[in-house]
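First the structure, in the form of structure tokens, and then the observations on it.
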Amino acid sequence: MSRRAREHKAWRFNVGAGVILLMLFAASGCRGSQNVLNPGGSQASHISNLWWFYFWITVSIYCLVLIFLISAIIRTTRKPFVPAGSREVLPTNSDEERRKTIFIGAAIGLSLATLFVLFLADLFTGRSLHSLRAADALTIKVTGHQWWWEAVYEDQVASNQVTTANEIHLPVGKPVQIKLASHDVIHSFWVPNLHGKKDLIPGHPTTLWIQADKAGVYRGQCAEFCGHQHAHMRLLVVAEDEEYFQQWLSRERSNAHIPETENQIHGEKVFLQTTCVMCHAIQGTVANGKVGPNLTHVANRRMLAAGRIPNARGYLAGWILDPQHLKPGVQMPQHNLSSDQLQALLDYLESLN
Amino acid sequence: MSALVLEQKELNEPLERVALERVWKRPPGFIGWITTTHHKDIAIRYIVTAFIFFALAGILAFFMRLQLSFPENNILGPDRYNQFFTVHGMTMMFLFAVPVMEALGLYFVPLMIGTRNVAFPRMNAFGYYTYLAGGILLYVGLFLNIGPDTGWFSYVPLSGPQFSPGKRVDFWAQMITLTEIAALVGAVEIIVTVFKMRAPGMSLNRLPIFVWAQLITAFMIIFAMPAIMLGSGMLAMDRLTHVSTHFFNPAEGGDALLYQHIFWFFGHPEVYIIFIPATGFVSTIIPVFARRKIFGYTALVLSLISIGFIGFGLWVHHMFATPVPELGQSFFTAASMMIAIPSGIQIFCWIATLWGGKPQMQLPLLFVLGFIALFVLGGLTGVILASVSLDLQVHDTFFVVAHFHYVLIGGAVFPLFAAIYYWFPKWTGRLLDKSLGLWHFWLFFIGFNLTFFPMHQLGLKGMPRRIYTYAYDSGWANLNLLATTGAAIMGISIVLFLINVWRSRHSGVNAGPNPWHSPTLEWATESPPPDYNFVYLPTVQSREPLWDEVSPPVVCGLSNRKRESLITTLMEAAPDHRYELPEDSIWPVILALVVGGGISWAIFDPWAVPISALLTFIVLCFWFWRGNEPASLTHHVQSSEDLQLLKSEANKI
Amino acid sequence: MTARAVIDVSELPSATMDHRSTIWWGNLMLLCIETMMFALLVGAYFYIRQNFYEWPPPKVHDPPAIYHAVPLLTVPTINLVLLLMSCIPMAWVDRACLKHNQMSVTLGLVVVILCGAAVIIFRFLEFHSLLFKWNENAYASAVWTILGMHLLHLFTGTLEFALLLSWLLLKDMDVKHARDIRVTATYWYWIAGVWLVLYAIVYLSPRFL
Amino acid sequence: MKSGFGLLTASFLILISGCKREDRGFRVSAPAANAIQAISLDPIHPGGASTDELIKNDYEENAYALSEGKRLYSQMNCVGCHAHGGGGMGVPLMDDKWIYGSRPEQVFATIVEGRPNGMPSFRGKIPDYQVWALVAYVRSMSGLASQNAAPNRDDHMHLGPPESSREQQSPKDVPPTK
């Protein structure tokens with residue numbers, strides 16, 4: 290087999306492997322709770338359909354180009370073999386050139402039409418994305434801080450306002466308005482399973498309308514580089530049925546659980562007398578710091594430290610003693626509490642559900 | 004001036020060669036090395052320095068891949084990782100891609116249009132040394148832990164005075180100022196050289212496409228680089244102690260989006276400034292290895308020009324996720340898709356050229372085929388990114404990382420390797436080794452696909468850009484490990500390439516002046532070309548001068564007592580007047596030291612700006628103060644004793 | 008000794024003074040770069056204007072507080088007229104260069120340098136008519152940057168003329184230096200023309216737009 | 743040739759000192775905390791000269807610590823009484839008058855112990871290494887910290903020159919007026 294043919298076989302093998310690889314990736318990529326191709330909301334499904342529309346058109350164009358490229362190479366095997374570095378220059382006969390010009394003109398016309406179709410598809414998807422409105426929809430004010438999310442459930446009655454962090458609950462099937470604003474640098478609110486991302490830029494408050502159609506826990510992440518811990522600025526969106534959502538909301542509105550056991554009372558005293566009270570707020574106690582997240586109902590959150598650790602006693606202890614080890618650069622300081630102070634504090638925090 | 008005046012004349016070539024040798028030889032030793040203004044010396048230095056930065060940035064990239072290979076890894080902390088990815092991005096964009104493409108232009112444009120040097124040789128030297136100062140400033144910063152850590156585009160307010168304490172982002176701003184001065188200098192060189200110094204007869208429609216690509220890139224640099232110099236200048240003024248302006252301070256009327264608009268107005272033309280020279284390489288290489296003329300010369304040139312214009316009209320597609328009004332966004336979607344048409348025309352013309360010829364599977368053509376395969380994939384993911392709705396999902400994720408690596412490595416580095424394998428014989432007179440080259444191609448091709456193809460998948464699975472680590476439960480671990488192994492393979496292939504270049508420099512197969520039998524003028528002179536490029540400047544009567552049967556007339560009458568070249572008119576390239584090129588001089592190096600030192604010093608003290616401006620003016624006075632040409636000196640060697648002296652030297656060689 | 012078809016260029020002139028020279032094109036490229044820089048600065052000026060209800064913003068930092076702090080007009084207008092007038096001796100020098108009349112070129116250059124120095128001094132006075140210091144708000148930053156960048160060009164042009172004048176006084180003028188003077192004259196015309204536009208934007212647009 | 747070279751070596755020396763100014767010390771052990779016991783309000787000691795050697799707060803050289811100090815200054819509500827250095831209920835901090843001493847350990851003692859007429863005690867409320875960052879920032883408000891490391895303007899209203907461009911006020915110890 291001549292060297293030239295072996296090279297063509299290598300080419301064909303490579304392209305074949307490439308296409309199979311493509312199929313494998315496309316198929317295996319559709320699961321997961323932080324996945325563009327696993328839509329849980331109406332907008333994400335619009336975008337996902339648009340994705341598959343673009344995907345198959347671009348893949349077919351790519352295969353067409355490869356076929357022409359490879360056949361342009363392989364056609365030479367039928368022509369007499371030209372020794373490498375030969376001085377001979379092929380004449381260009383005019384009718385073959387004209388045929389090629391017509392063919393390329395058609396190819397350009399085809400690609401122009403395809404691009405126009407893709408553009409219209411994007412235009413219609415864009416319109417449907419922005420048409421999601423509702424008169425008295427639930428409004429959540431999400432503020433981006435350096436490396437955690439603050440969510441405030443607005444309400445006409447001021448006392449019904451709920452402040453929580455890093456975990457947003459939504460009623461299924463209803464559009465929700467999210468008002469976005471940044472407290473310091475640019476962040477980007479992105480829950481792939483529900484909608485595209487929207488940047489939080491200081492000086493430019495914006496809104497984002499999302500709707501979850503399927504109940505479930507969706508994960509989101511900050512998508513705009515915002516400093517040391519941009520990697521650990523994650524959030525959870527829990528879409529649940531209406532009555533579960535109302536249950537959650539009423540529990541969030543209530544004051545913090547009053548400590549009963551002797552250890553919990555000691556824990557509350559530790560919380561109010563050491564550094565915690567300077568930054569955190571617990572509704573129903575004297576602690577009202579706005580620097581850190583609101584801990585009124587911290588026990589029933591699924592994750593802590595903006596998705597860095599699960600909400601378990603061991604992780605919480607490690608986080609309180611030395612947050613810099615888990616999230617180097619985070620603004621929460623290290624504490625040197627004695628062991629009984631720590632255990633009491635953990636009991637108290639775990640009672641806040 | 005009169006039309007081409009033809010006459011027959013006796014030419015004493017060996018005498019002319021010896022006289023030119025004496026006039027154009029640079030002073031010996033280090034002094035000669037530092038004061039040279041030959042465009043080939045400066046261009047080779049650019050290319051070698053750019054590849055050193057390419058290797059450094061490659062090592063940084065490998066550390067990043069190691070950190071990302073496992074979840075919650077601790078090879079690099081967040082601070083070091085942020086510095087590494089920022090310096091990796093900046094080195095690749097400002098210290099490798101643009102300079103190396105411009106350097107190939109600075110080397111081959113004078114040769115391809117048949118002249119002796121670029122239009123302003125000393126300014127060219129100044130450009131290189133300023134670029135070198137910028138590179139040194141960045142890497143000194145990185146090693147002293149003052150490397151910029153806010154990303155290659157350093158969005159405000161993170162890079163503003165409040166959220167980036169210390170001098171790290173100032174290093175970013177000043178390094179950009181230096182490298183952009185160098186890019187602007189190179190662009191002015193190429194434009195004026197192509198406009199005024201072409202060989203007689205080389206009208207604009209006979210210009211090689213490589214030269215067209217460099218010309219259009221130079222014009223894009225002229226209109227794009229001021230934006231980044233303004234943006235980095237405004238950010239530096241916001242951050243500097245006694246200045247502290249409020250351009251980007253939302254509380255005092257400034258605007259974070261203003262920075263993004265100004266940066267990306269430069270940002271997108273920048274990536275076309277990297278890509279268009281690459282198309283110039285491909286349009287030069289394909290006809291040579293398909294053994295036929297390029298198909299659709301006019302179509303290729305017009306698509307280059309239209310890419311140059313449309314490139315300025317689509318910067319907002321980097322800002323689709325920001326609160327820019329939707330109507331504006333859809334306009335930029337249309338513009339972003341429209342630019343796919345000229346790229347498509349180029350691809351079709353290249354395939355048509357291959358279709359009609361007898362492609363010979365040499366290494367340059369292999370890299371060009373790799374380029375077409377990868378660039379088309381990158382271009383199509385670009386069309387996906389152009390749509391607003393899809394971009395909302397995949398913006399700032401690893402999907403975008405995959406896209407721009409396919410378009411930059413596939414679209415620019417592959418043609419760059421093809422160009423190196425193609426022009427290496429012209430630089431050194433020796434061919435690069437074929438088997439090592441094949442290993443390099445296939446390892447690079449497979450390693451590249453293994454590294455960056457899984458990133459499309461990672462982007463769709465929600466992995467954002469620039470994260471120093473990720474959680475165990477994120478589901479991204481396997482693909483990241485695969486990408487790291489691919490990066491290792493790419494690293495090996497680059498090492499093989501460097502070995503190949505190092506070995507073949509002296510011990511490669513001996514290649515004559517025109518090993519590939521190419522049509523363009525740079526192959527008309529020996530390899531490596533002498534300092535004066537051509538003994539007699541060539542004239543041109545068609546687009547492929549060396550493939551013509553009859554050899555066209557040459558230009559004679561230029562002085563061989565001082566360095567002189569020929570200025571021709573803009574449209575028809577008819578001879579206009581003789582142009583005396585300046586001697587070698589030390590002042591470019593000193594000016595670059597003053598400008599580099601002044602701009603670096605301005606990071607710490609705003610008074611450095613007026614002081615270094617004054618020093619710059621003083622150095623420029625010395626630079627300007629060249630002696631007059633004594634009228635008595637005849638510009639051509641005729642006197643008899645000179646003749647005897649030159650003859651004795653002639654037969655000594 | 009081989010006979011070959013040849014184009015003999017030895018009779019062509021060794022330098023020209025008009026747009027056919029390479030230095031003229033190099034200067035044109037510099038003007039494109041700087042025009043682009045000023046265009047972007049003006050774009051930033053109007054972009055920042057969106058963030059203000061009252062443009063230019065009220066002056067409150069040090070008494071007397073001014074609600075509509077529009078920049079004063081007297082000194083800037085004098086400076087504008089002075090800069091435009093300096094183009095007359097410039098044109099005179101330009102023509103004198105074509106006629107190789109070294110004496111009138113030297114005299115003309117002295118007048119232009121004096122005009123340039125006067126414009127620079129007036130520019131330093133002009134900064135006070137902006138009513139703000141550069142670090143008070145985004146408006147002041149943008150306006151000071153426009154004036155400062157143009158001042159940089161004024162310095163460059165005047166000092167370049169001083170350098171050319173010192174060459175004429177010490178050595179005689181040949182075609183190359185006449186060409187350099189004409190190129191710098193083009194640069195001076197550009198400085199005056201750009202300031203006409205920037206003057207309208209900085210001083211007239213807050214009043215009338 | 744020499745001028746350029748001299749300029750470059752000068753800027754190189756500054757760069758060398760840069761790395762200390764620039765490192766982000768996240769998990770940092772506080773400067774000598776036990777030195778606090780050695781502090782006394784006034785220099786008079788029975789039996790002659792006092793033995794306390796000067797404590798150097800190396801946070802004053804570190805830009806990251808100074809910016810953390812500035813963040814804490816507003817988050818721990820020092821702004822409430824001292825405003826941005828001009829004073830209000832609290833004493834002004836950007837002038838050269840120091841009632842309870844301007845040395846780092848004296849400012850540390852003031853913050854931790856509190857002072858009469860309204861200065862609360864922050865012992866146990868703010869970890870030690872953050873108090874040292876606050877001390878560094880408070881001293882930088884009157885220009886006592888290094889110019890290159892001091893914080894520049896912040897993204898708020900323009901209140902006058904930032905800490906990095908204030909000239910150094912030589913501290914004068916003033917007895918309390920009331």
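These protein sequence lines map, in sequence, to chains V, B, U and S. Mapping the first sequence onto the working numbering, position 157 (from 1) lands on 446, and the numbers just tick up by one. Mapping the second sequence onto the working numbering, position 208 (from 1) lands on 211, and the numbers just tick up by one. Mapping the third sequence onto the working numbering, position 142 (from 1) lands on 149, and the numbers just tick up by one. Mapping the fourth sequence onto the working numbering, position 172 (from 1) lands on 914, and the numbers just tick up by one. Ideal Cβ positions, reconstructed from N, Cα and C, are used throughout, including at glycine. If you're wondering where the values come from, they're calculated on a predicted model, not measured in any experiment.
By alpha-carbon distance to K565 (chain B), the top candidate from B:L383, B:E13 and B:K28 is B:K28. A12 (chain U) sits in a strand when the DSSP states are folded into three classes. DSSP places P541 (chain B) in the strand class (E or B) of the three-state scheme.
Its Cα nearest to that of R189 (chain U), the residue U:T23 stands out among U:V16, U:T23 and U:V13.
As computed with DSSP, V821 (chain S) is found in no beta bridge at all. Contacts between K867 (chain S) and chain V, judged by CB atoms closer than 8 Å, involve T563, T564, V566 and M567 in chain order. Per DSSP, the continuous alpha helix (DSSP H) segment holding I179 (chain B) begins and ends at R171 to K199. Taking 3 residues as the minimum length, the beta strand (DSSP E) runs contained wholly in the region 471–506 of chain V are 476–479, 487–489 and 495–500, in order along the chain.
Three or more beta-carbon pairs separated by less than 8 Å link the region 194–210 of chain B to the region 534–554 of chain B, which places the two stretches in contact. Short of 8 Å from the beta carbon of G169 (chain B), and not among the five residues preceding or following it, lie these beta carbons of its own chain, in chain order: I149. Taking 8 Å as the upper bound for CB-CB distance, L427 (chain V) and W498 (chain V) are not in contact here, some 11 Å apart. If you look at W437 (chain V), you'll find it in the beta strand (DSSP E) that goes W437 to Y442. Here the C-alpha atom of A491 (chain B) lies approximately 20 Å from the C-alpha atom of F370 (chain B).
Taking each of B:A421, B:H321 and B:L501 in turn and checking the Cα distance to P280 (chain B), the smallest one comes out for B:A421. Nearest to L353 (chain V) by C-alpha distance, out of V:E377, V:F342, V:S400 and V:L379, is V:S400. Taken through DSSP and simplified to helix, strand or coil, Y842 (chain S) comes out as coil. Those residues of the region 876–897 of chain S placed with their C-beta closer than 8 Å to a C-beta in chain V are D897, ordered along the chain.
At least one beta carbon of chain B lies nearer than 8 Å to the beta carbon of M899 (chain S).
Boundaries of the beta strand (DSSP E) harbouring L525 (chain V): R523 to E529, taken from the DSSP string. The C-alpha of T572 (chain B) lies about 39 Å from the C-alpha of F335 (chain B).
The beta carbon of W442 (chain B) does not come within 8 Å of any beta carbon belonging to chain V, so the residue lies off that interface. Close CB contacts of A514 (chain B) within its chain, under the 7 Å cut and outside five residues either way in sequence, are with P428, G432, R433, L434 and S530 (chain order).
The C-alpha of D152 (chain B) lies about 8 Å from the C-alpha of V90 (chain B). Look at the region 184–201 of chain B: the residues with a C-beta under 7 Å from a C-beta of chain U are L187, V191, I194, V195, F198 and K199. Every candidate alpha helix (DSSP H) stretch fails here, since none sits fully inside the region 118–162 of chain U while reaching 4 residues.
Taking a C-beta distance under 8 Å as the contact criterion, N482 (chain V) and G596 (chain V) do not qualify as a contact pair. A distance below 6 Å between beta-carbons, with the five flanking residues on each side excluded, links F99 (chain B) to the following residues of its chain, in chain order: A53, F56 and F57. With respect to P345 (chain B), I310 (chain B) sits close: the two C-beta atoms are nearer than 8 Å. Taking CB atoms only, L326 (chain V) has a neighbour in chain B less than 8 Å away.
Contact note: S247 (chain B) reaches chain U through N142, using a C-beta cutoff of 7 Å and chain order. Among the residues facing chain V, E329 (chain B) is included, as its CB has a counterpart in that chain under 8 Å away.
From the listed residues B:P326, B:L357, B:F222 and B:A254, the smallest Cα separation to I277 (chain B) is found for B:F222. Note: I602 (chain B) is not bridge-paired with any residue in the DSSP secondary-structure output. Here G138 (chain B) is not bridged, per DSSP, to any residue. Per DSSP, reduced to three states, the secondary structure at A576 (chain V) is coil, with no helix or strand assignment. Residue pairing from DSSP places A570 (chain V) in a beta bridge opposite V:N577 and V:N583.
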